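> What the sequence shown shows, in the working numbering, is residues 0 to 381, in sequence order.
For reference, the structure I am asking about is given below.
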Amino acid sequence: MPDFDLYRPSEEHDMLRDAVRSLAEAKISPYAAAVDEEARFPREALQALTANELHAVHVPEEYGGAGADALSTVIVIEEVARVCASSSLIPAVNKLGSLPVILSGSEELKAKYLGPLAKGDAMFSYALSEPDAGSDAAGMKTKAVRDGEFWVLNGVKRWITNAGVSEFYTVMAVTDPTKRSKGISAFVVEKGDEGVSFGAPEKKLGIKGSPTREVYFDNVRIPADRMIGAEGTGFATAMKTLDHTRITIAAQALGIAQGALDYAKGYVKERKQFGKAIADFQGVQFMLADMAMKISAARALTYQAAAASERGDADLTYQGAAAKCFASDVAMEVTTDAVQLLGGYGYTRDYPVERMMRDAKITQIYEGTNQVQRIVMARNLP
């Protein structure tokens, strides 16, 4: 007999979705507008997620985590993003920052840094981009020089999500300038290390509740055992990490889009023009149908990529890039249409869809622009 559950999440995944949605609507959604308006970190969301062990579900059980699979992580991020994109960056960036340690770190490094993350005592950020090294990450200038049993870091990282809030940072730095990408190594740097400082928060279009800041390293001296993996393997680890975590950006985009569609559906049933609900007009119905269709396609691609991430499929690089690219493009289209469906009201901050539209834009940019995703896909066609 065929397995008719083949293309649907398990019952456990459905239960997780219900639990996260209930939590998000009760404990995160009420603060989303204020978090955006005040451009402040969503402490309420962090507290709610941590209390329910949803802040870093990807951490393996042996380090005190939930040991959740990649699809579970996607569902958590999706459901949080449905009500507040800024808050969804708590579980998303905790995975991004810590995955290099999980993939390439020593057992000692894993035990030291994954335990506090799992407990909710610390957050983890990822420091790859620089002022002159964005899409060309291999062109970074931050350097690490060996000094006995230590490495000394100097340089600047830019666009670092949750910088200043996170306690731990995975930092890529050049250890051999003659080898380009093969001369880059990865390190764990702590917020409290002497010589670490932060720039002012960026003034952004969206995700205003998640601080984005420069991180400065001024003769930051760290023990040699804080290197993640072998010397010269940092760039490879960084790219391998992105294969997995681009799927979390797809999940964020998917959640934003779903939140916009859900709100627009409710609005058009209530809003009356020409003597009837605007939901009764075929032009509106077709817009909603297209929005829902695109979201369904994005969800299928994202969940397929999450399954590939969990299995470690050979075509994961392609699948992660495809999911991130498609879902983020869909999020931009759907949120723009949601604003249109609300008309003048959609353009005001009294309604959430304009926030969702602003939040959606970054999903087309970070963890590799969608132009870069198309390059990645073209080079890794299955």
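Just so you know, even glycine gets a beta-carbon here, dropped at the ideal spot from N, CA and C.
What you are looking at is a predicted structure, and each value in this text was computed from that prediction instead of being measured.
Taking DSSP as the reference, what is the three-state secondary structure of Ala143?
Counting from 1 along the sequence shown, the entry for residue 143 is found at position 144. Note: Ala143 maps to strand in three-state DSSP.
> Determine the contact status of Leu22 and Pro90, defining contact as a CB-CB distance below 8 angstroms.
Stepping through the sequence shown from its first residue, residue 22 is reached at position 23. Stepping through the sequence shown from its first residue, residue 90 is reached at position 91. Taking 8 angstroms as the Cβ cut-off, Leu22 and Pro90 do not qualify as a contacting pair.
> Under a Cβ-count criterion, where at least 16 other Cβ atoms within 10 Å of its own Cβ denotes burial, should Thr177 be classed as buried or exposed?
In the sequence shown, the residue the question calls residue 177 occupies position 178. It counts as exposed.
> Restricting to Cα atoms, I'd like to know which of Ile246, Val283, Ala330 is closest to Gly342.
Position 343 of the sequence shown, counted from the first residue, corresponds to residue 342. With distances taken between Cα atoms, Gly342 lies closest to Val283.
> Shortest alpha-carbon distance to Asp243 belongs to which of Ala223, Thr347, Asn93?
Working through the sequence shown from its first residue, we reach residue 243 at position 244. The residue you asked about is not Asp; residue 243 is His in the sequence shown. Ranking Ala223, Thr347, Asn93 by Cα distance to His243 puts Asn93 first.
> Compute the Euclidean distance between the alpha carbons of Ser165 and Leu340, then round it to the nearest angstrom.
In the sequence shown, the residue the question calls residue 165 occupies position 166. In the sequence shown, the residue the question calls residue 340 occupies position 341. Answer to the nearest angstrom: the Cα atoms are 38 angstroms apart.
> Per DSSP, what kind of secondary structure is Met122 in: helix, strand or coil?
Here residue 122 corresponds to residue number 123 of the sequence shown, with the count starting at 1. In this structure, Met122 counts as coil in the three-state DSSP scheme.
> Can you check which of these residues, Val155, Arg378, Phe273, is closest to Leu127 by C-alpha distance?
Looking up residue 127 in the sequence shown gives position 128. Comparing Cα positions, the closest option is Val155.
> Counting Cβ pairs closer than 8 angstroms, one from the segment 304-319 and one from the segment 347-354, do we hit at least three?
Result no; under three Cβ-Cβ pairs closer than 8 angstroms.
> So, with DSSP's three-state summary, where would you put Phe285?
Position 286 of the sequence shown holds residue 285. DSSP places Phe285 in helix when its eight states are reduced to three.
> Report yes or no: do three or more beta-carbon pairs, one from the segment 301-309 and one from the segment 276-291, lie closer than 8 angstroms?
The answer is no - the segment 276-291 does not touch the segment 301-309, with fewer than three Cβ pairs under 8 angstroms.
> Output needed for Leu53: all residues of its chain with C-beta closer than 6 angstroms, excluding positions within five of it in sequence on either side, in chain order.
As a working note, residue 53 is residue 54 in the sequence shown. Hits under 6 angstroms: Val75.
> Report the partner residues of Lys275 according to the DSSP bridge assignment.
Along the sequence shown, one-based indexing puts residue 275 at 276. BP columns for Lys275 point to Gln272.
> Quick one: what does DSSP say Tyr344 is sitting in, helix, strand or coil?
The count along the sequence shown starts at 1 and reaches residue 344 at position 345. Helix at Tyr344.
> I'd like to know whether the C-beta atoms of Gly63 and Ala117 end up nearer to each other than 8 angstroms.
For the purposes of this step, residue 63 is taken as the residue at position 64 of the sequence shown. For the purposes of this step, residue 117 is taken as the residue at position 118 of the sequence shown. The answer is yes: Cβ separation under 8 angstroms.
> Asp17 by DSSP, collapsed to three states: which one?
One-based indexing of the sequence shown puts residue 17 at position 18. Helix, per DSSP.
> Let me confirm a value: Lys268 is counted as buried when at least 16 other C-beta atoms fall within 10 Å, else exposed. Which label applies?
One-based indexing of the sequence shown puts residue 268 at position 269. Exposed, by the Cβ-count rule.
> Select from Leu152, Glu148, Gly258, Asp146 the residue whose C-alpha is nearest the C-alpha of Met139.
Position 140 of the sequence shown, counted from the first residue, corresponds to residue 139. That would be Leu152, whose Cα lies nearest to the Cα of Met139.
> According to the Cβ coordinates, are Glu78 and Arg20 closer than 8 angstroms?
Position 79 of the sequence shown holds residue 78. Position 21 of the sequence shown holds residue 20. Cβ atoms of Glu78 and Arg20: closer than 8 angstroms.
> Does DSSP put Pro222 in a helix, in a strand, or in coil?
On the sequence shown, residue 222 is found 223 positions in, with the first residue counted as 1. Strand.
> Taking just the CA atoms, how far does Leu98 sit from Gly328?
As a working mapping, residue 328 is identified with position 329 in the sequence shown. As a working mapping, residue 98 is identified with position 99 in the sequence shown. It is worth fixing the name first, because residue 328 is Asp in this sequence and not Gly. Distance between the alpha carbons of Asp328 and Leu98 is about 25 angstroms.
> Quick one: residues in its chain with C-beta nearer than 6 angstroms to the C-beta of Glu201, no 5 flanking neighbours on either side, listed in chain order?
One-based indexing of the sequence shown puts residue 201 at position 202. Closer than 6 angstroms at Cβ, skipping near neighbours: Thr211.
> Thinking just about the alpha-carbon of each residue, which of Trp150, Phe285, Val100, Ile159 is nearest to the one in Glu129?
Taking the first residue of the sequence shown as 1, we reach residue 129 at position 130. Among Trp150, Phe285, Val100, Ile159, the Cα nearest to that of Glu129 belongs to Ile159.
> Rounded to whole angstroms, what's the CA-CA distance from Tyr215 to Ile227? Just pull it up for me.
As a first step, residue 215 is located in the sequence shown; it is residue number 216 there, counting from the start. As a first step, residue 227 is located in the sequence shown; it is residue number 228 there, counting from the start. Approximately 20 angstroms between the Cα atoms of the pair.
> Counting only the same chain and skipping the five closest in sequence on each side, list residues whose C-beta sits under 6 angstroms from that of Val170.
Here residue 170 corresponds to residue number 171 of the sequence shown, with the count starting at 1. So the qualifying residues of the chain are Ala126, Phe186, Val188.
> Please state whether the Cβ-Cβ distance between Asp35 and Gly208 is less than 8 angstroms.
Numbered from 1 along the sequence shown, position 36 holds the residue referred to as residue 35. Numbered from 1 along the sequence shown, position 209 holds the residue referred to as residue 208. Yes, the pair counts as a contact, with Cβ atoms nearer than the cut-off.
> Would Ser71 and Leu5 qualify as a contact pair, given that the criterion is a beta-carbon distance under 8 angstroms?
For this step, residue 71 is matched to residue 72 along the sequence shown. For this step, residue 5 is matched to residue 6 along the sequence shown. Against a cut-off of 8 angstroms, the Cβ pair of Leu5 and Ser71 comes out as no contact.
> Which residues in the same chain as Ala263 place their Cβ atom closer than 6 angstroms to its Cβ, once the five residues preceding and following it in sequence are excluded?
Against the sequence shown, residue 263 aligns to sequence position 264. Closer than 6 angstroms at Cβ, skipping near neighbours: Ala337, Leu340.
> Is the separation between the beta-carbon of Val58 and that of Ala50 shorter than 8 angstroms?
By one-based count along the sequence shown, residue 58 stands at place 59. By one-based count along the sequence shown, residue 50 stands at place 51. Not in contact: Val58 and Ala50 (Cβ atoms no closer than 8 angstroms).
> Rounded to whole angstroms, what is the Cα-Cα separation between Ser9 and Asp68?
If you number the sequence shown from 1, residue 9 lands on position 10. If you number the sequence shown from 1, residue 68 lands on position 69. Straight-line Cα distance between these residues: approximately 12 angstroms.
> Where does Pro222 land, buried or exposed, given buried means 16+ other C-beta within 10 angstroms?
As a first step, residue 222 must be located in the sequence shown, where it is residue number 223. Exposed, by the Cβ-count rule.
> Name the residue from Glu366, Arg179, Pro41, Ser184 whose alpha carbon lies nearest to the alpha carbon of Ala321.
One-based indexing of the sequence shown puts residue 321 at position 322. Considering only alpha carbons, the answer is Glu366.
> What would DSSP say about Ala84, mapped onto helix, strand or coil?
As a first step, residue 84 is located in the sequence shown; it is residue number 85 there, counting from the start. Ala84: helix per DSSP, three-state reduction.
> What's the gap between the Cα of Arg157 and the Cα of Ser87?
Taking the first residue of the sequence shown as 1, we reach residue 157 at position 158. Taking the first residue of the sequence shown as 1, we reach residue 87 at position 88. Their backbone Cα atoms lie some 20 angstroms apart in a straight line.
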